[in-house]
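Visitor:
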Amino acid sequence: MELPLGLRRPVVAMAPMVTQSDRPFRRLVRAHGCTLCYTEMLLAERFARCEEYRRNALGDGVAEDDHPLVVQFAANDPALLLEAARWAQHLGADAIDLNLGCPQWKAKTGNYGAWLAADETNWPLIEAMVEICHRSIEIPVFCKIRLQPTEGATLALALRLQRAGCALLAVHGRRLESVKARRSGAADLPAISRLRKQIAMPVLANGNVRRARDILTNLNLTKCDGLMVAEQLLRDPALFQRAIGSAPSVLELAAEYCGHCLAETQRFTAWEAENVDVLRSHLRSMLCGGVGASEADPGTERLLGEATRARARYVLDWWRIQQATSVEEAVALYRERCASICPEASAGFPAPAAPPAPRQTAPSFEATPRLARGWLLSAAAAVKALAVSLYAWLWPTPCQPSCVSSNSARVRGKRREKGAPAAAAAPECTRGIDFNNNRNKDHTWPSILCSLRGTTAPNRNVGWEFFRRPLVGCTLRHKSHRG
Ligand SMILES: Cc1cc2nc3c(=O)[nH]c(=O)nc-3n(C[C@H](O)[C@H](O)[C@H](O)COP(=O)(O)O)c2cc1C
Numbered sequence: 001m002e003l004p005l006g007l008r009r010p011v012v013a014m015a016p017m018v019t020q021s022d023r024p025f026r027r028l029v030r031a032h033g034c035t036l037c038y039t040e041m042l043l044a045e046r047f048a049r050c051e052e053y054r055r056n057a058l059g060d061g062v063a064e065d066d067h068p069l070v071v072q073f074a075a076n077d078p079a080l081l082l083e084a085a086r087w088a089q090h091l092g093a094d095a096i097d098l099n100l101g102c103p104q105w106k107a108k109t110g111n112y113g114a115w116l117a118a119d120e121t122n123w124p125l126i127e128a129m130v131e132i133c134h135r136s137i138e139i140p141v142f143c144k145i146r147l148q149p150t151e152g153a154t155l156a157l158a159l160r161l162q163r164a165g166c167a168l169l170a171v172h173g174r175r176l177e178s179v180k181a182r183r184s185g186a187a188d189l190p191a192i193s194r195l196r197k198q199i200a201m202p203v204l205a206n207g208n209v210r211r212a213r214d215i216l217t218n219l220n221l222t223k224c225d226g227l228m229v230a231e232q233l234l235r236d237p238a239l240f241q242r243a244i245g246s247a248p249s250v251l252e253l254a255a256e257y258c259g260h261c262l263a264e265t266q267r268f269t270a271w272e273a274e275n276v277d278v279l280r281s282h283l284r285s286m287l288c289g290g291v292g293a294s295e296a297d298p299g300t301e302r303l304l305g306e307a308t309r310a311r312a313r314y315v316l317d318w319w320r321i322q323q324a325t326s327v328e329e330a331v332a333l334y335r336e337r338c339a340s341i342c343p344e345a346s347a348g349f350p351a352p353a354a355p356p357a358p359r360q361t362a363p364s365f366e367a368t369p370r371l372a373r374g375w376l377l378s379a380a381a382a383v384k385a386l387a388v389s390l391y392a393w394l395w396p397t398p399c400q401p402s403c404v405s406s407n408s409a410r411v412r413g414k415r416r417e418k419g420a421p422a423a424a425a426a427p428e429c430t431r432g433i434d435f436n437n438n439r440n441k442d443h444t445w446p447s448i449l450c451s452l453r454g455t456t457a458p459n460r461n462v463g464w465e466f467f468r469r470p471l472v473g474c475t476l477r478h479k480s481h482r483g
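Residues 1 to 483 in full-length UniProt numbering are what the sequence shown lists, from first letter to last.
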C-alpha cells in the first residue's frame, strides 16, 4: 500500500511527546534525518474552541520548513474531533492523529487515549471518530495505539481503524498495564511484526530504540514501513542520521538546538516566555541522557568520550544554577560557557546576535501595558481636574465645598461611615479634592460632585441637571496628601 503524504520507506518519525515536540526541536531532528514529525498530544475540545490554545500549539500556522507535520489529538467525541481536525487542516497540518495509546491518569479520568481503546464497547465510537474525519477533511487521519491485551484484540482494533479510513497506524509495542508503568519493560516487537503481516495500512513500529544501531535491527525485525522514536531521540536528536553514518556530537546538537530556539523566538514571540523550561529540559536530555544512553554503542561512545561526558556534566551543572528567564538570555549564557569548555561544539551556534537593546527606561505602550495604563489614568485625572476648574470658572456661584479625601478625615481623627460622603465626615476640611487617593475608589463624576456638595452619592445614571448645579471655591489637588 502506498504511503500517505508522499513518504518513503522506511519512515523515521519523531513520536508525539508532551512538552517536548516543540518547533525548534522538530527543526533539529528534521535537519538530522527525521522524515515525519508529530506534535504533542492536544486536547481536541480545547483546540476546537480556544484560539490561544491553537496559537500556542501551531503559532500562526505550520511553518514552511515544518512539513510533514502530524497534529495529534486526544478525543472521545466525533463532532469535536472533526472541528479540531478542520482547524488543524486550516492551519496547515499535513495529517491528524488520534491518540489511542496514552496511559496517563488524566487519560483514564478523561476517557481517552489507551483507556478509551482498552474497552471494546468504545470501539464503535473510535471508529466513528476516524470515519467522520476521514470523510470530512482533506488531510489523512492517522492513529496511534498500544498493543491490546491479546494479539487477536490488537488485530481486531487495527482492522476496525483500517476500515474507518485510518491512513497510517503507529503501534507502541507495550500493553496498557497501569497509569504508572507507561514505558517500562521491553516493547513486544515480534507482536508488531505479526500484526504488520495481517493488515494493509502502513505501520510504524514504536519501542525498543535505545541506540542508533537499533534502528536497522528493529526495521528488519518488524518489517514495518517505518519506526517511531521518542525517548532516545530526546537524548540524541541525530539518531536517525547516526544510524546510517556519522553525526554531530550531542554538544554540537545542543548548540544547534539553541540556534533554532532563537530563530523561533524571533519568528513567534509568544514562544519565548513559556519555553525556557522546554529548552532547559531538552538540553538536559541531550547533555545527560545522550551520554548515558550511548554507553552500549561504540560508535556514539567514540563521539561522546570521557572528556565530553565530563564537559557535558559541567555544562549541565552550570545550567542548573542559572536562572535565565528568557530563551535569549539562556542561550547567550550557554553559548558563552560552551565556548570556554568545548570550542568545537560552540561552532554550531549561529553567529551571536546583536546585543539586545538596553531595557527601556521610558516605558513604551506596547512593552509595558501596565505603565501605559497608569499614564492613561493620570491623563484622564488631569482632564477631569481641568474640567472641574473650567466649570467652577464658568459658574462662579459660591458654595461650601469640603474636603472629599477620606485620608484627610482620618488625619482629623474622624472615621467616615461606610457609604457616607467624605464631606460628611470632615465638613470642616478645606484641603481640597483628592483625586488620586487610592482609598477613594469611586472617582466618577457624580460621586466627586456629590462629595463636594455633601450629599449622598447618586447612582451613575445621574442626569445632566446634576452637573449644572454651581460649584465654586474648591481647592483642586491632584496629589495624594497622606497627612
Ligand atoms: C516525554 C514524553 C512525552 C510523551 N507524550 C506523548 C504524547 O503526547 N502522545 C503520545 O501518543 N505518546 C506520548 N509519549 C509516548 C511516546 O510517543 C512513545 O510511544 C513511547 O515513549 C515509546 O517510545 P520510545 O520507546 O521510543 O520512547 C510520550 C513519551 C515521552 C517520553
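Every residue gets a Cβ at the ideal spot worked out from N, C-alpha and C, and that includes glycine. Quick caveat: nothing in here was measured; it's all calculated off a predicted structure.
Can L42 and V71 be called in contact, C-beta distance under 9 Å?
Guide: Within the sequence shown, residue 42 is the residue found at index 42, counting from 1. Within the sequence shown, residue 71 is the residue found at index 71, counting from 1. In contact: L42 and V71 (Cβ atoms closer than 9 Å).
Visitor: Taking the straight line between their C-alpha atoms, what separation do you get for A31 and E177?
Guide: To locate residue 31, count along the sequence shown from 1; it is residue 31. To locate residue 177, count along the sequence shown from 1; it is residue 177. Near 36 Å, if we compare the C-alpha coordinates of E177 and A31.
Visitor: With 16 other CB atoms within 10 Å as the buried threshold, where does E336 fall?
Guide: Sequence index remark: in the sequence shown, residue 336 carries index 336 (1-based). Flag for E336 reads exposed.
Visitor: Which residues in the same chain have their Cβ closer than 6 Å to the Cβ of P140, if we skip the five residues on either side of it in sequence?
Guide: To locate residue 140, count along the sequence shown from 1; it is residue 140. These residues qualify, in order along the chain: P4, A95 and A167.
Visitor: By DSSP, does L3 sit in helix, in strand, or in coil?
Guide: Within the sequence shown, numbered from 1, the residue matching residue 3 stands at position 3. Reduced to three states, the DSSP call for L3 is coil.
Visitor: How about S193 and T222: do their beta carbons lie closer than 9 Å?
Guide: Counting from 1 along the sequence shown, the entry for residue 193 is found at position 193. Counting from 1 along the sequence shown, the entry for residue 222 is found at position 222. Yes, Cβ-Cβ distance for S193 and T222 is below 9 Å.
Visitor: Given a threshold of 16 other Cβ atoms within 10 Å of its Cβ, counted over all protein chains shown, does W87 qualify as buried or as exposed?
Guide: As a first step, residue 87 is located in the sequence shown; it is residue number 87 there, counting from the start. It counts as buried.
Visitor: From H260 to F25, what does the alpha carbon distance come to, in whole angstroms?
Guide: Counted from its first residue, the sequence shown places residue 260 at position 260. Counted from its first residue, the sequence shown places residue 25 at position 25. Going from the Cα of H260 to the Cα of F25 covers about 8 Å.
Visitor: So if I measure from each beta-carbon to every heavy atom of ligand 1 and keep distances below 6 Å, which residues remain?
Guide: A15, P16, M17, V18, Q20, E40, M41, Q72, N99, G101, C102, K144, H172, R183, N206, G207, V209, V229, A230, E231 and Q232
Visitor: Out of K197, P248 and R235, point me to the one whose CA is closest to R284's CA.
Guide: On the sequence shown, position 284 is the one that residue 284 refers to. For the residues K197, P248 and R235, the minimum Cα distance to R284 belongs to R235.
Visitor: Give the straight-line distance between the Cα atoms of G173 and L125, rounded to the nearest whole angstrom.
Guide: Indexing the sequence shown from 1 puts residue 173 at position 173. Indexing the sequence shown from 1 puts residue 125 at position 125. About 23 Å.
Visitor: What three-state label does DSSP hand Y257 in the structure shown?
Guide: Position 257 of the sequence shown, counted from the start, is the residue given in the question as residue 257. If DSSP states are grouped into helix, strand and coil, Y257 belongs with the helices.
Visitor: With a Cβ-Cβ cutoff of 9 Å, do I137 and L161 count as a contact?
Guide: The count along the sequence shown starts at 1 and reaches residue 137 at position 137. The count along the sequence shown starts at 1 and reaches residue 161 at position 161. Their beta carbons are not under 9 Å apart, which means I137 does not touch L161 by this criterion.
Visitor: With DSSP run on the structure shown, which of helix, strand or coil describes I192?
Guide: Numbered from 1 along the sequence shown, position 192 holds the residue referred to as residue 192. Helix.
Visitor: Please confirm whether A230 and A238 have their CB atoms less than 9 Å apart.
Guide: Counting from 1 along the sequence shown, the entry for residue 230 is found at position 230. Counting from 1 along the sequence shown, the entry for residue 238 is found at position 238. It is not a contact, given that the beta carbons lie outside the stated cut-off.
Visitor: Between the segment 79 to 93 and the segment 48 to 60, do at least 3 Cβ pairs fall closer than 8 Å?
Guide: Taking 8 Å as the limit for Cβ pairs, the verdict is that the segment 48 to 60 does touch the segment 79 to 93.
Visitor: Can you name the start and end residues of the alpha helix (DSSP H) that C133 belongs to?
Guide: Walking along the sequence shown from the start, residue 133 turns up at place 133. Element bounds for C133: W123 to S136.
Visitor: Measuring CB to CB, does T19 end up less than 9 Å from V278?
Guide: Locating residue 19 in the sequence shown gives position 19, counting from the first residue. Locating residue 278 in the sequence shown gives position 278, counting from the first residue. Closer than 9 Å, so yes.
Visitor: From the DSSP output, which residues share a beta bridge with G226?
Guide: Locating residue 226 in the sequence shown gives position 226, counting from the first residue. Looking at the DSSP output, G226 shares a beta bridge with V11 and L204.
Visitor: So the beta strand (DSSP E) L100 belongs to, where does it begin and stop?
Guide: As a first step, residue 100 is located in the sequence shown; it is residue number 100 there, counting from the start. Residues A95 to L100.
Visitor: Please identify the residue among S21, C34 and A15 whose C-alpha is closest to the C-alpha of L7.
Guide: To locate residue 7, count along the sequence shown from 1; it is residue 7. Of the listed residues, the one whose Cα sits closest to L7 is C34.
Visitor: Rounding to the nearest angstrom, what Cα-Cα distance links I244 and L80 in this structure?
Guide: Within the sequence shown, the letter at position 244 stands for residue 244. Within the sequence shown, the letter at position 80 stands for residue 80. Those two C-alpha atoms are separated by around 42 Å.
Visitor: Count the other CB atoms, across all protein chains shown, that sit within 10 Å of the CB of W375; report buried if there are 16 or more and exposed otherwise.
Guide: Position 375 of the sequence shown, counting from 1, holds the residue named residue 375. Per the 10 Å Cβ criterion, exposed.
Visitor: Helix, strand or coil: which one does DSSP assign to H32?
Guide: For the purposes of this step, residue 32 is identified with residue 32 of the sequence shown, where counting begins at 1. Coil at H32, not helix or strand.
Visitor: Can you tell me whether I199 is helix, strand or coil according to DSSP?
Guide: Within the sequence shown, residue 199 is the residue found at index 199, counting from 1. I199 falls in the coil class under three-state DSSP.
Visitor: In whole angstroms, what separates the C-alpha of A187 from that of C102?
Guide: By one-based count along the sequence shown, residue 187 stands at place 187. By one-based count along the sequence shown, residue 102 stands at place 102. Taking the straight line from one Cα to the other gives about 15 Å.
Visitor: Just the C-alpha distance for V388 and L377, rounded to the nearest angstrom, thanks.
Guide: The residue given as residue 388 occupies position 388 in the sequence shown. The residue given as residue 377 occupies position 377 in the sequence shown. Using only the alpha carbons, I get a separation of about 17 Å.
Visitor: Are the CB atoms of D214 and V11 nearer to each other than 9 Å?
Guide: Indexing the sequence shown from 1 puts residue 214 at position 214. Indexing the sequence shown from 1 puts residue 11 at position 11. No.
Visitor: Does DSSP put L449 in a helix, a strand or coil?
Guide: Mapped onto the sequence shown, residue 449 falls at position 449. In this prediction, L449 has a pLDDT of 48, which is less than 50 and means its spatial position is unreliable; nothing more can be read from the coordinates.
Visitor: Check I139 in the structure and name its three-state DSSP category.
Guide: Counted from its first residue, the sequence shown places residue 139 at position 139. Residue state, collapsed to three classes: coil.
Visitor: To which residues of the same chain is E127 closer than 8 Å at the C-beta, ignoring the five residues directly before and after it?
Guide: Position 127 of the sequence shown holds residue 127. Correct list, in chain order: R160, L161, R163 and A164.
Visitor: If you measure between the beta carbons of Q198 and A153, is that distance less than 9 Å?
Guide: Against the sequence shown, residue 198 aligns to sequence position 198. Against the sequence shown, residue 153 aligns to sequence position 153. For Q198 and A153, no; Cβs fall outside 9 Å.
Visitor: In angstroms, rounded to a whole number, what distance separates the CA positions of S249 and M286?
Guide: Start at 1 with the first residue of the sequence shown, and residue 249 comes out as number 249. Start at 1 with the first residue of the sequence shown, and residue 286 comes out as number 286. If you take the alpha carbons of S249 and M286, they lie about 10 Å apart.
Visitor: Name the DSSP beta bridge partners of Y38, please?
Guide: The residue you call residue 38 lines up with position 38 of the sequence shown. Paired residue(s): V70.
Visitor: Could you say which of A379, N220 and D22 lies nearest to R9 if we only look at CA atoms?
Guide: Mapped onto the sequence shown, residue 9 falls at position 9. Residue N220 is the option with its Cα nearest to R9.
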